[in-house]
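Everything on this sheet refers to the single structure shown next.
There are 2 protein chains.
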Amino acid sequence: MYIETFSQMKKQLGQMEKWLETAATFAKTKSFDPNIFLGFRLAPDQLPFSRQVQIACDSAKLAASRLTGKEAPSHPDTEQTLEQLSARIRSVIAYLDGFSARDFEGAAERSITQPRWEGKTMTGANYFLEHAVPNFFFHITHVYALLRHNGVNVGKADYLGALSLRAP
Amino acid sequence: MYIETFSQMKKQLGQMEKWLETAATFAKTKSFDPNIFLGFRLAPDQLPFSRQVQIACDSAKLAASRLTGKEAPSHPDTEQTLEQLSARIRSVIAYLDGFSARDFEGAAERSITQPRWEGKTMTGANYFLEHAVPNFFFHITHVYALLRHNGVNVGKADYLGALSLRAP
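So the protein sequences, as listed, match chains L and B.
Numbered by the working numbering, the letters in the first sequence go through residues 40 to 207 in order.
Numbered by the working numbering, the letters in the second sequence go through residues 40 to 207 in order.
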């Protein structure tokens, strides 16, 4: 199920890139600088829009890397424009495109850690379900919510993307 | 992985119930009616807080019901207070407590539909990954974001809940 979930993340990262385009078009229509979005926050002590995009990307990228041991591309969080954020999204989608189901063999039993856990570890299975997936959706939904809150015309269908519906 | 994912949803529904308590305490401290939260929206044409809580609950409840064929408890969307919303959350957690891994045998191949799909169907596997899981996280994150936006002191640890970390 790892590869299927990353496939869903790729789909939603692709949707997020479309939201950024919609935001840029909205800015153009209203004659304001589209990059003003990058600093928006829902609360003064919450991370801004740019960081929400970056962390959504990182949640997917780092999960794939940690669960497989495959090196992840570096993204130094220097994006200053919507276009640069879009390029980052595309870079993560391209990275995720390089995985197959086989890469995730043994992922559930891997020992996962990160600096802020101070030496503690999680199994790959627990890390994915308790940390990576909820964080991915948390940050991508904050990106959506920040755009929606600021008047950008996105809706639930833009969030989910196309569904695999079958004709009756 | 169905039962594991529902277990994670239960955990996060339990976290959401705690956010509502934090919101009620905040309202008390600031001397305003705690139920004012129920009508809050991030955009005038987005669903209000109460509906975000209800749909987060329904995303989990209906997914479990549709994937297993087990009847779900009815919730007519009549909640008018934070306490009533908390009761609904607890009711869904109790419903999800009644499932075991065995209930989800064959779930991936089930044919799932709902009225708005106009006769079209999805496989259980696609429905879960493309629709139920993203919707659950979308709505629970909107509940969180609405509280955060309105000054309630919740943070990422309150969103994720306790992690299954192992000592070094």
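Glycine included, each C-beta is placed from N, C-alpha and C at the ideal position.
Contact under 8 Å by Cβ, residue i with residue j
| i | j | result |
| --- | --- | --- |
| Q91 of chain L | V193 of chain L | no |
| L101 of chain B | Q47 of chain L | no |
| A215 of chain L | L59 of chain L | Nothing in the structure corresponds to residue 215 of chain L, since chain L is present only between 40 and 207. |
| D197 of chain B | Q54 of chain B | yes |
| P73 of chain L | L106 of chain L | no |
| F176 of chain B | T162 of chain L | no |
| L81 of chain B | H188 of chain B | yes |
| K159 of chain L | A201 of chain B | no |
| I42 of chain B | A140 of chain B | yes |
| L199 of chain B | P112 of chain L | no |
| E118 of chain B | R129 of chain B | no |
| G132 of chain L | K49 of chain L | With the sequence shown as reference, residue 132 of chain L is identified as Ile, and Gly is not the correct amino acid for it. Contact: yes. |
| L185 of chain L | F79 of chain L | yes |
| D116 of chain L | Q85 of chain L | no |
Chain B residues whose Cβ lies nearer than 9 Å to that of residue i
| i | result |
| --- | --- |
| T51 of chain L | Here residue 51 of chain L is Gln; the residue named in the question, Thr, does not match the sequence. Per Cβ cutoff of 9 Å: P173. |
Residue(s) in a DSSP beta bridge with residue i
| i | result |
| --- | --- |
| T162 of chain B | B:S150 |
| R90 of chain B | None, per the DSSP bridge assignment. |
| R129 of chain B | Paired residues: none, contrary to the question. |
| R205 of chain L | B:T160 |
Cutoff 8 Å: residue i Cβ touching any chain L Cβ
| i | result |
| --- | --- |
| L81 of chain B | yes |
| G163 of chain B | no |
| T160 of chain B | yes |
| Q91 of chain B | no |
| S98 of chain B | no |
| R149 of chain B | no |
| S203 of chain B | yes |
| A111 of chain B | no |
| L101 of chain B | no |
Within-8 Å CB hit, residue i to chain B
| i | result |
| --- | --- |
| F71 of chain L | no |
| K57 of chain L | no |
| Q153 of chain L | no |
| A206 of chain L | yes |
| R141 of chain L | no |
| L135 of chain L | no |
| L77 of chain L | no |
| L199 of chain L | yes |
Within chain L, the residues that residue i reaches when beta carbons sit closer than 9 Å
| i | result |
| --- | --- |
| Q47 of chain B | L168, E169, V172, P173 |
Amino acids of chain C, ordered along the chain, whose beta-carbon sits closer than 7 Å to that of residue i
| i | result |
| --- | --- |
| Q119 of chain B | Chain labels in this structure do not include chain C; the protein chains are L and B. |
Per-residue contacts from residue i into chain L (C-beta, under 7 Å)
| i | result |
| --- | --- |
| A146 of chain B | In chain order: nothing, as chain L lies at least about 12 Å away. |
Alpha-carbon spacing of residue i relative to residue j, whole angstroms
| i | j | result |
| --- | --- | --- |
| F71 of chain B | S125 of chain B | 19 Å |
| T61 of chain B | G137 of chain L | 43 Å |
| A164 of chain L | K67 of chain L | 44 Å |
| L77 of chain L | P83 of chain L | 14 Å |
| D97 of chain L | G190 of chain L | 26 Å |
| A103 of chain L | Y166 of chain L | 11 Å |
| R155 of chain L | G108 of chain L | 19 Å |
| E148 of chain L | A63 of chain B | 41 Å |
| T44 of chain B | I75 of chain B | 32 Å |
| E110 of chain B | M40 of chain L | 26 Å |
| E157 of chain B | A146 of chain B | 21 Å |
| S20 of chain B | Q123 of chain B | Within the shown structure, residues of chain B are numbered from 40 to 207, placing residue 20 of chain B beyond reach of any answer. |
| E144 of chain L | P87 of chain B | 43 Å |
| L204 of chain B | S150 of chain L | 10 Å |
| K195 of chain L | T152 of chain L | 34 Å |
| K69 of chain B | A95 of chain B | 27 Å |
| H114 of chain L | D142 of chain L | 22 Å |
Listed by chain order, chain B residues near residue i by CB distance under 8 Å
| i | result |
| --- | --- |
| E43 of chain L | A164, L168 |
| T180 of chain L | F176, F177, T180, H181, A184 |
Interface partners of residue i on chain L, CB under 8 Å
| i | result |
| --- | --- |
| Q85 of chain B | R187 |
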